[in-house]
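Each residue of the sequence shown is one higher than the one before, starting from 7 at the first, in my numbering. Even glycine gets a Cβ: it sits at the ideal position worked out from N, Cα and C. As structure tokens, the structure follows; a few thoughts come after it.
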Amino acid sequence: MSDHHITTDDAWVSDACTLPTAERPLRLAEFDQFFTDAVRGLDRLSAQHLRLQLDGAAQVEETARDLTARESSCCSFFTFDLSRPDPDSLSLDVRVPAAHVDVLDALAERAESVRNQG
């Protein structure tokens with residue numbers, strides 16, 4: 007963990023999330039750390055589709071797979087696709103149905119904000 011002051015404001019957490027409320031601050035802190043450490047850029051491809059460009063390290067891929075698998079289990083409306091366009095880069099596509107565009111908006115805002123703090 008870094009020395010960054012990471013808040014755990016859960017404004018982007020959907021009401022549809024089934025993660026127990028007590029566990030949410032921990033998951034949010036994990037996402038904040040991931041955004042700070044791994045995200046190199048963001049592209050909003052459509053209202054329902056966000057692409058995060060990630061550091062290409064193997065440990066980043068492992069963290070992304072673990073975190074997105076756990077997030078999918080409590081927020082089933084998310085679709086996460088991890089791909090390696092070339093050996094040195096990694097992309098994480100995040101998609102949501104139209105009913106959850108506001109959650110994706112907030113997630114993108116959070117990722118950009120936390121990434122810029124680092």
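What number of angstroms, rounded off, separates the C-alpha of residue i from the C-alpha of residue j?
i, j, result
"T2", "V66", "Any property of residue 2 remains undetermined from this structure, which presents the chain solely from 7 to 124."
"N122", "R71", "23 Å"
"S82", "L110", "13 Å"
"R33", "S89", "23 Å"
"D94", "E68", "15 Å"
Can you name the start and end residues of the beta strand (DSSP E) that residue i belongs to?
i, result
"S97", "95 to 101"
"Q59", "55 to 61"
Which term fits residue i, buried or exposed, when burial requires 16 or more other beta carbons within 10 angstroms of its beta carbon?
i, result
"A64", "exposed"
"A53", "exposed"
"A105", "exposed"
"I12", "Any reading at I12 needs caution, since the residue's pLDDT is 35, under 50, leaving its predicted position unreliable; the model's value is listed next. The residue in question, I12, is buried, as its Cβ has 16 or more Cβ neighbours within 10 Å."
"L98", "buried"
Could you round the C-beta distance between residue i and residue j to whole angstroms and report it? I think they count as a contact, below 8 Å.
i, j, result
"V102", "F86", "Actually they do not touch by this definition, with Cβ atoms about 10 Å apart."
Per DSSP, residue i is paired with what?
i, result
"S89", "S97"
"L51", "Its beta-bridge partners do not exist; DSSP assigns none."
Could you tell me the boundaries of the alpha helix (DSSP H) in which residue i lies?
i, result
"Q65", "64 to 80"
"Q39", "30 to 44"
"Q123", "107 to 123"
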